[in-house]
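Scroll down for the structure; my scribbles are underneath it.
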């Protein structure tokens with residue numbers, strides 16, 4: 415069983431692009447990946463070359479109706495989350511995330527209570543930050559409300575900028591081992607989304623993609639055989655981006 419929850423401390427920190435590229439990276443390593451889209455106004459499809467108005471298959475759609483795109487199955491679970499059917503079904507055993515498939519839940523824009531329904535069944539929860547004043551000021555409060563086992567990812571970190579360096583230093587001092595990694599600020603991420611292409615195809619040498627691959631290796635340890643080059647969990651896997 416492998417269920418990964420990914421949320422953002424605030425909107426606009428890049429949760430959906432991280433979820434999409436993380437899932438595609440996991441799939442490219444030979445493991446099965448599924449994204450549970452919990453957003454009520456999702457842009458997830460853009461990262462897979464889909465029209466943003468094209469609805470995704472429902473959570474209960476048969477496998478034939480939700481074939482993989484770039485190796486990843488996309489399922490719209492927003493309705494089940496809003497009605498609380500998602501949590502109730504998991505609690506009753508009507509369905510589960512058992513097996514070697516890695517499920518990644520995109521909690522950005524999700525209905526209230528979505529995270530609470532999934533947390534009892536999650537293997538790891540990530541909260542995405544950005545080096546902005548809003549995130550820095552909001553982080554201490556988030557530490558009081560998020561589960562103690564939550565890990566954090568500092569996204570769009572630019573160590574050539576003073577704010578980026580200071581933000582990374584503050585976050586590392588405050589979070590310690592709970593900072594899973596940092597991800598380089600990389601214009602290629604936005605460009606790939608705008609062109610409706612996977613980041614790996616648009617910019618294989620992307621610095622951000624290398625950081626995301628590091629996260630994928632960590633997550634791959636949760637279920638099934640590790641990706642090639644995967645290493646045991648330790649602080650040594652953190653990026654030196656900042």
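Residue numbers (the numbering used here): 415 to 656.
Virtual Cβ for every residue (Gly too), placed ideally from N, Cα, C.
Item                                                                                                                                                                     : Value
Closest by CA to residue 452, which one among 526, 509, 635, 492?                                                                                                        : 492
On the DSSP letters alone, give me the boundaries of the alpha helix (DSSP H) that residue 616 sits inside.                                                              : 613-616
In whole angstroms, what is the alpha-carbon distance linking residue 575 and residue 582?                                                                               : 11 Å
DSSP has residue 448 in a bridge; who is on the other side?                                                                                                              : 487, 517
Helix, strand or coil for residue 576, going by three-state DSSP, please let me know.                                                                                    : helix
For residue 421, which of helix, strand or coil comes out of DSSP?                                                                                                       : strand
Count Cβ pairs between the segment 527-544 and the segment 469-476 that sit closer than 8 Å; are there 3 or more?                                                        : no
Can you name the start and end residues of the alpha helix (DSSP H) that residue 530 belongs to?                                                                         : 528-532
DSSP three-state label for residue 480, please.                                                                                                                          : coil
Suppose you measure from the CA of residue 555 to the CA of residue 588; what does that come to, to the nearest Å?                                                       : 12 Å
Is residue 518 closer than 7 Å to residue 418 when the C-beta atoms are compared?                                                                                        : yes
Please list, in chain order, all residues of the same chain as residue 651 whose beta carbon is under 8 Å from its beta carbon, the five residues on each side excluded. : Note that residue 651 has pLDDT 37, beneath the 50 cutoff, so the model's placement of it is unreliable and no number is given.
Determine the burial state of residue 704: buried for a count of at least 16 other Cβ atoms within 10 Å of its Cβ, exposed for fewer.                                    : Nothing can be reported for residue 704, as the shown portion of the chain is limited to 415 through 656.
Thinking just about the alpha-carbon of each residue, which of 615, 461, 567, 528 is nearest to the one in residue 599?                                                  : 567
Please classify residue 461: is it buried, with 16 or more other beta-carbons within 10 angstroms of its beta-carbon, or exposed?                                        : buried
Between the beta-carbon of residue 431 and the beta-carbon of residue 603, is there less than 7 Å?                                                                       : yes
Are the beta-carbon atoms of residue 441 and residue 515 separated by less than 7 Å?                                                                                     : no
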